[in-house]
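Q: Numbering (the working numbering), first residue to last: 1239 to 1460. Take a look at the following structure, please.
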Amino acid sequence: GRSLGDVWAAEPAVLLKVRDSLIAPAERERRYNQVPVTVLLVGLTGSGKSRIAYGLERRLWDEGRAVTVLYGQNMRQGLNRDLGFTADDRSENLRRSAEVAKLLNDAGVITIAAFVAPHDAVREKAKQVIGRDHVLEVYCTAPMEVLRSRDQSGAYKLADEGKIAQMPGVTAAFEEPKSPDLVLYTDQLDVDASVTRIIELMKARGYLRERSSRPATGHSSG
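Spelled out as structure tokens, the structure:
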């Protein structure tokens, strides 16, 4: 059978046809006052990805934005529950999640995706799925001793004992992003400061527009 690593390049079944929405992307942008983007938070276990992801979601929601989070561990409890933690399984976990992120972006929703995503080539494929103009890659990092001190699951200790195979940063490689849009040194920045940095980047790149005093309805007031 075909390995999971081959799925990225697999062709869809014949006779399938893409149906386009009757709602143009520009209409969704006007409705939500935002340009949809996926903020891809990557980094080792304990780097602060999930706390930053949900802090960013809260801040954007409070600003009136349409936003949601795709968290790697949550995805593994539903859509990706059949996947393990081999390199191929991690790749497929990100591939499926990237497809979900694209669907959400196509609906006009800002998506915050938090994954270990240890392999650079796989991250690049995920960006291609979502669309490179709709991805901000944010690398969350801290010294290993800090990562270990934050690890409430005990994953690092289990990896040290040989009870977890292919643990990025311990028994498997983690390839640092070559050119991320933002690096967050989470031993120096708290969650609020990290969220602020991301929002500043989103505004600078044109993804967040100033909120209007009333929602657009598509009809003139005259």
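Virtual Cβ for every residue (Gly too), placed ideally from N, Cα, C. Remember, it's a predicted structure, so these values are computed and weren't measured experimentally.
#1: Alpha carbons only, please: which of A1411, A1403, E1414 and L1385 is nearest the one belonging to Q1426?
#2: Taking three-plus beta-carbon pairs below 8 angstroms as touching, is the region 1308–1316 in contact with the region 1334–1342?
#3: For R1443, does the count of other Cβ atoms within 10 angstroms reach 16, so buried, or fall short, so exposed?
#4: I'd like the span of the alpha helix (DSSP H) that includes E1267, first residue to last.
#5: Between Y1270 and the ligand SAH, is there a pair consisting of the residue's CB and a ligand heavy atom that are separated by less than 7 angstroms?
#6: Name the DSSP bridge partner or partners of A1352?
#7: P1415 and D1358 - do their beta-carbons sit closer together than 8 angstroms?
#8: Return the chain-ordered list of same chain residues with a C-beta closer than 6 angstroms to the C-beta of R1319, the five sequence neighbours on each side being excluded.
#9: Please tell me whether V1376 and L1278 are closer than 8 angstroms, where the distance is taken between their beta carbons.
#10: Put A1410 into one of helix, strand or coil per three-state DSSP.
#11: May I ask you to verify whether the region 1324–1332 touches the region 1262–1275, counting CB pairs closer than 8 angstroms and requiring at least 3?
#12: Between G1346, V1373, A1431 and L1374, which has its C-alpha nearest P1263's C-alpha?
#13: Less than 8 angstroms separating the beta-carbons of N1331 and R1303?
#14: Using 10 angstroms around the beta-carbon of G1284, count the other beta-carbons present and answer buried if the total reaches 16, otherwise exposed.
#15: What would DSSP say about V1384, mapped onto helix, strand or coil?
#16: Between the C-alpha atoms of S1387 and S1432, what's the straight-line distance to the nearest angstrom?
#17: Which residues mark the beginning and the end of the beta strand (DSSP E) in which T1434 is found?
#18: Please report how far the alpha carbon of A1410 lies from the alpha carbon of K1395, in whole angstroms.
#19: Could you say which of P1381, A1291 and K1401 lies nearest to R1435 if we only look at CA atoms?
#20: If you draw a straight line from the C-alpha of G1460 to the C-alpha of L1254, how long is it?
#21: Beta strand (DSSP E) containing L1374: first to last residue?
A: Inspection of the coordinates gives the following:
#1: For Q1426, the closest C-alpha among the options A1411, A1403, E1414 and L1385 is that of L1385.
#2: In short, these stretches touch, since the Cβ pair count reaches three.
#3: Classification of R1443: exposed, given that the 10 Å Cβ count is below 16.
#4: Counting along the chain, the unbroken alpha helix (DSSP H) around E1267 starts and ends at P1263 to Y1270.
#5: Of ligands this structure carries none, so the ligand SAH is not represented either.
#6: Beta-bridge partners assigned by DSSP to A1352: L1279 and Y1309.
#7: Pairing D1358 with P1415 gives a Cβ-Cβ distance under 8 angstroms.
#8: The beta carbon of R1319 sits closer than 6 angstroms to none of the beta carbons in its chain outside the five residues before and after it.
#9: Closer than 8 angstroms, so yes.
#10: Correct three-state label for A1410: strand.
#11: Look at the beta carbons and you see the region 1324–1332 not touching the region 1262–1275: under three pairs across the two are nearer than 8 angstroms.
#12: The candidate whose alpha carbon is nearest that of P1263 is G1346.
#13: Not in contact: N1331 and R1303 (Cβ atoms no closer than 8 angstroms).
#14: Flag for G1284 reads buried.
#15: Residue state, collapsed to three classes: helix.
#16: Rounded to whole angstroms, S1387 to S1432 spans 19 angstroms at the Cα level.
#17: Secondary structure note for T1434: it is in no beta strand (DSSP E), and the uninterrupted alpha helix (DSSP H) holding it is V1429 to A1442.
#18: Spanning the two alpha carbons is a distance of roughly 14 angstroms.
#19: When only C-alpha atoms are compared, the closest one is A1291.
#20: Residue placement at G1460 cannot be trusted, given a pLDDT of 41 that sits under 50; the coordinates are not used to answer.
#21: According to the DSSP assignment, L1374 belongs to the beta strand (DSSP E) that extends over V1373 to T1379.
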